[in-house]
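Just remember that the working numbering sits 1042 ahead of the position in the sequence shown, which is counted from 1.
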Amino acid sequence: VTGIINQVNSGNRLKRNLYTYIGRINLFPWLNCAASLHHGTHHT
């Protein structure tokens, strides 16, 4: 039983790391877009 719980916990940690990683990737284009809009030059 403890083995299953540990598996679930490590799975959740992996998922959380993955979501954080994906979130960071998704965030950067938005930040770049906002920065370029702020400077009046929008590159597509």
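Ideal placement from N, C-alpha and C gives every residue a C-beta, glycine not left out.
Query raised in the report: In the structure shown, what three-state DSSP assignment does residue 1050 receive?
Result: Here DSSP, grouped into helix, strand and coil, assigns residue 1050 to helix.
Requested in this report: Using the Cα positions of residue 1074 and residue 1057, report the straight-line distance between them to the nearest angstrom.
Outcome: Cα to Cα, the separation comes out at about 26 angstroms.
Query raised in the report: If you draw a straight line from the C-alpha of residue 1043 to the C-alpha of residue 1063, how long is it?
Result: Using only the alpha carbons, I get a separation of about 30 angstroms.
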